[in-house]
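Take a look at the structure below.
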Amino acid sequence: MTPELIYGLTGIAVFGAGLAGSLGAQDRLRRVLALKLASVGACFLLIVAAWREPPAAPDPVPHALVITGIVVMVSATAVALALIRRLHTLEAEDDAD
Amino acid sequence: MQTDPMTLTLFVPLFGAIAAFVLPRAASVIGPFSVLATGAAVALLAREVLAAGAVTVSLGGWAPPLGIALRADGLSVAMLAMTAAVGLLVSLGALDALRDARQRQYFWPLWLLLLTGMNGVYLGTDIFNLYVMIEVIALAAVGLTVLSGTTAALRAGLEYMYASILGALLFLTGVGFVYLQIGRLDFAGLIAAEPSGALSAALALMLVGLLLKTALFPLHFWLPAAHANATAPASALLSGLVVKAALYIFLRLATYMPPPDEMLVTLIGTLGAGAVIWGGIQALRAERLKMLVAWSTVVQIGLIFIAFARAGQIGLAESWKAAAVLILAHGIAKAAMFLAAGRIKDEVGHDVIRDLDRSAIRPTLAQFTFALAAISLIGLPPSLGFIGKWSLMEGALAAGYWHWVAVTMVGTLMSVAYFSRVLAAFLRFDRVRAPVGEHQGWALADAAPLTLALSAITLGLMAAPILSFIELGYPFGATP
Numbered sequence: 001m002t003p004e005l006i007y008g009l010t011g012i013a014v015f016g017a018g019l020a021g022s023l024g025a026q027d028r029l030r031r032v033l034a035l036k037l038a039s040v041g042a043c044f045l046l047i048v049a050a051w052r053e054p055p056a057a058p059d060p061v062p063h064a065l066v067i068t069g070i071v072v073m074v075s076a077t078a079v080a081l082a083l084i085r086r087l088h089t090l091e092a093e094d095d096a097d
Numbered sequence: 001m002q003t004d005p006m007t008l009t010l011f012v013p014l015f016g017a018i019a020a021f022v023l024p025r026a027a028s029v030i031g032p033f034s035v036l037a038t039g040a041a042v043a044l045l046a047r048e049v050l051a052a053g054a055v056t057v058s059l060g061g062w063a064p065p066l067g068i069a070l071r072a073d074g075l076s077v078a079m080l081a082m083t084a085a086v087g088l089l090v091s092l093g094a095l096d097a098l099r100d101a102r103q104r105q106y107f108w109p110l111w112l113l114l115l116t117g118m119n120g121v122y123l124g125t126d127i128f129n130l131y132v133m134i135e136v137i138a139l140a141a142v143g144l145t146v147l148s149g150t151t152a153a154l155r156a157g158l159e160y161m162y163a164s165i166l167g168a169l170l171f172l173t174g175v176g177f178v179y180l181q182i183g184r185l186d187f188a189g190l191i192a193a194e195p196s197g198a199l200s201a202a203l204a205l206m207l208v209g210l211l212l213k214t215a216l217f218p219l220h221f222w223l224p225a226a227h228a229n230a231t232a233p234a235s236a237l238l239s240g241l242v243v244k245a246a247l248y249i250f251l252r253l254a255t256y257m258p259p260p261d262e263m264l265v266t267l268i269g270t271l272g273a274g275a276v277i278w279g280g281i282q283a284l285r286a287e288r289l290k291m292l293v294a295w296s297t298v299v300q301i302g303l304i305f306i307a308f309a310r311a312g313q314i315g316l317a318e319s320w321k322a323a324a325v326l327i328l329a330h331g332i333a334k335a336a337m338f339l340a341a342g343r344i345k346d347e348v349g350h351d352v353i354r355d356l357d358r359s360a361i362r363p364t365l366a367q368f369t370f371a372l373a374a375i376s377l378i379g380l381p382p383s384l385g386f387i388g389k390w391s392l393m394e395g396a397l398a399a400g401y402w403h404w405v406a407v408t409m410v411g412t413l414m415s416v417a418y419f420s421r422v423l424a425a426f427l428r429f430d431r432v433r434a435p436v437g438e439h440q441g442w443a444l445a446d447a448a449p450l451t452l453a454l455s456a457i458t459l460g461l462m463a464a465p466i467l468s469f470i471e472l473g474y475p476f477g478a479t480p
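Structure, rendered in structure tokens:
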């Protein structure tokens, strides 16, 4: 088994775990975390695939894609967390009534 | 600073969004004017495309593959024009429909951001930019979904966010693998690429992500609640315009990529058929008016995919036109219908279908609008929806694919059935105790949906110019 293959399979496994969690988990926060996990797996895969045998330098374009992906994920997570907090407050109010 | 109309269609709504956010008190003025100015830029662009076919602009003077190019052809201008026109009328409707100051403050920045993202999708020429644009759309669309602030809307919005994030992840992974396969991200590179298994797998990842975002059955689970619980103008934008962005990318990619094999095309059509049947059943069972309208969106999305698959792999060169006409028809009619449903809910005070005929207040103008929109969605002549369905069936018949005709017929019958549930309630007066007032519940806010519904009907008479317009610039490179 080459290191490349090990990294690749790890990436797929992490992505798969995140995917399963995001579809299967009941708790809202767990689903957000599962989606984060899936995104880590996807980014991991892209970075591994951009790797080149030294002395060749890794391909920078997938890295750029990953950075944009991370930025997008951060803002999407922020929105999701804000929604969860607001829902939490609203549901607590509903229960109190 | 570039000031060609194509760049303006992106930057006018973007700067409008920023201005509306920074100056919340002026937002109700900045918003409609930005949309109007965007519409004017689209009109200028349409003139250029009419004269020259496809138009390309390299941002900052850098040509691809290094720089980013924008390209407008008949299909993209048709989508831009539909977005601007529907958007402008929905904006006018929103001026009246949004009563809450908080809603008014956030509606305009979100909607203008959404417009920026959609225009970016229709003009984009490389898949990575499309990814960024669909993310801009997703964030703005979730914001619009939860604008009403109710618990139901927030739950639906969160579900939408999950689906959106997952769809974007799949799309981004696909984009990465496409790059690793062919070393390019622009459409020209995709067209020139050698077909291979790995490339098809990467494109399949992207397509699944897009199907999730456009809510094709069975990935539609997030749509009905999200669209039904938003405020009326937001529902109209989400259902009429937002799902079309991912659909448009699907149409482009599916036609640019190494030809999908017959089985894949059949699978897509079958999923569409599933959407038509399942969405129809759910619309028949819906208790609330807005829920019924939202399920009808699921049906129409399915129909568009059937139109895409109507003549199999060989027919793809023609089938996209039927799909495009259905996209335009649905965008206009559904926006009208959601606005009308919102008006009915405002006047009657609720939108429970069973009790609509118990109300003494009859917002007849909104009901008329709803009926007109239903005519286009059902596909009765002379509406634009009829032209779309007609070309769907014509192509399927010519190719000998009778099953797509049968599914479309069943779907049409079901749509007559579920819209009749609503129309019957409009026409029954025997369950009202109090005298029914005439012309009650008419308002200036009815003007926007009525205009949309009337244009959905009358545009069917202009089908020939529309069909020849979307072919300008050979969107799919059939004849270079």
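Residue numbers (our numbering), protein chains in the order written: chain F, 1 to 97; chain D, 1 to 480. Backbone N, C-alpha and C define an ideal beta-carbon position, used for all residues, glycine too.
On the criterion of 16 or more Cβ atoms from any shown chain inside 10 Å, does residue i qualify as buried, or is it exposed?
i: D:Glu262; result: exposed
i: D:Glu287; result: exposed
i: D:Pro480; result: Here the model assigns D:Pro480 a pLDDT of 33, short of 50, so the residue's position is not dependable, and the following value carries that caveat. Exposed, since its Cβ has fewer than 16 Cβ neighbours within 10 Å.
i: D:Ala225; result: buried
i: F:Glu91; result: exposed
i: D:His403; result: exposed
i: D:Thr255; result: buried
i: D:Trp62; result: exposed
i: D:Val293; result: buried
i: D:His220; result: buried
i: D:Asp351; result: buried
i: D:Gln440; result: exposed
i: D:Ala434; result: exposed
i: F:Gly69; result: buried
i: F:Ala82; result: exposed
i: D:Val242; result: buried
i: F:Glu4; result: exposed
i: D:Gly60; result: exposed
CB residue i to CB residue j, shorter than 9 Å?
i: D:Gln482; j: D:Ile387; result: Residue 482 of chain D lies beyond the residue range present for chain D, which begins at 1 and ends at 480; the question has no answer from this structure.
i: D:Ile457; j: D:Ser383; result: yes
i: D:Pro195; j: D:Leu339; result: no
i: F:Ala34; j: F:Ala13; result: no
i: D:Lys408; j: D:Leu303; result: Residue identity check: residue 408 of chain D is Thr in the sequence provided, not Lys. In contact: D:Thr408 and D:Leu303 (Cβ atoms closer than 9 Å).
i: D:Leu158; j: F:Ala80; result: yes
i: D:Ser391; j: D:Ala283; result: no
i: D:Ala396; j: D:Arg310; result: yes
i: D:Ala46; j: D:Thr56; result: no
i: D:Val178; j: D:Met206; result: yes
i: D:Ala329; j: D:Gly460; result: yes
i: D:Val432; j: D:Arg358; result: yes
i: D:Ala453; j: D:Ala333; result: yes
i: F:Pro58; j: D:Gly176; result: no
i: F:Ala76; j: D:Ile277; result: no
i: D:Leu154; j: F:Leu87; result: yes
Counting only the same chain and skipping the five closest in sequence on each side, list residues whose C-beta sits under 6 Å from that of residue i.
i: D:Lys213; result: Gly167 and Ala246
i: D:Gln103; result: Leu147
i: D:Ala96; result: The question names Ala, but residue 96 of chain D in the sequence shown is Asp. Excluding sequence neighbours, D:Asp96 sits near Ala445.
i: F:Arg28; result: Ile84
i: D:Gly108; result: The question names Gly, yet the displayed sequence has Trp at residue 108 of chain D. Taken in chain order, the residues that qualify are Ala20, Ala27 and Gly31.
Quick one: what's got a C-beta closer than 8 Å to residue i's C-beta in the same chain, skipping five residues either side?
i: D:Ala478; result: Low confidence applies to D:Ala478: its pLDDT is 45, below 50, so where it sits in the model is not reliable, and the reading given next is rough at best. Contacts found: Ala317.
i: D:Pro13; result: Ser34, Val35, Thr38, Leu112, Leu113, Leu115, Thr116 and Asn119
i: D:Leu380; result: Phe386
Among the residues of its own chain, which have a CB less than 7 Å from the CB of residue i, if the five just before and after it don't count?
i: D:Leu44; result: Pro5
i: F:Ala42; result: Phe15
i: D:Leu450; result: Leu365 and Thr369
i: D:Ala371; result: Leu423
i: D:Glu135; result: Ala168
Which bits of chain B does residue i rub up against, with CB to CB less than 7 Å?
i: F:Val48; result: Structure shown: chain B not included; protein chains present are F and D.
May I ask whether a heavy atom of the ligand ZN can be found less than 8 Å away from the beta carbon of residue i?
i: D:Leu392; result: The model on display carries no ligand, and the ligand ZN is accordingly not part of it.
At a Cβ cut of 9 Å, what residues of the region 147 to 174 of chain D count as close to chain F, listed as they run along the chain?
Gly149, Thr150, Thr151, Leu154, Arg155, Gly157, Leu158, Met161, Tyr162, Ser164, Ile165, Leu166, Ala168, Leu169, Leu170, Leu172 and Thr173
Report the residues of the region 2 to 36 of chain F with a CB closer than 7 Å to any CB of chain D, ordered along the chain.
Ser22, Arg28, Arg31 and Leu35
Does the count of Cβ pairs from the region 72 to 87 of chain D and the region 34 to 45 of chain D closer than 8 Å reach three?
yes
Members of the region 65 to 93 of chain F near chain D, C-beta cut-off 7 Å:
Leu65, Thr68, Gly69, Val72, Ser75, Ala76, Val79, Ala80, Leu83, Ile84, Arg86, Leu87, Leu90 and Glu91
I'd like to know if the region 181 to 196 of chain D and the region 119 to 136 of chain D are in contact, where contact means that at least 3 CB-CB pairs between them fall below 8 Å.
yes
Counting Cβ pairs closer than 8 Å, one from the region 91 to 107 of chain D and one from the region 46 to 53 of chain D, do we hit at least three?
no
Note down, in chain order, all residues in the region 120 to 136 of chain D with a beta-carbon under 7 Å from any beta-carbon belonging to chain F.
Phe128, Val132 and Glu135
Is it true that the region 264 to 278 of chain D meets the region 135 to 152 of chain D, where meeting means three or more beta-carbon pairs spaced less than 8 Å apart?
no
Output needed in chain order: residues of the region 176 to 195 of chain D with a Cβ under 9 Å from some Cβ in chain F.
Gly176, Phe177, Tyr179, Leu180, Gly183 and Leu185
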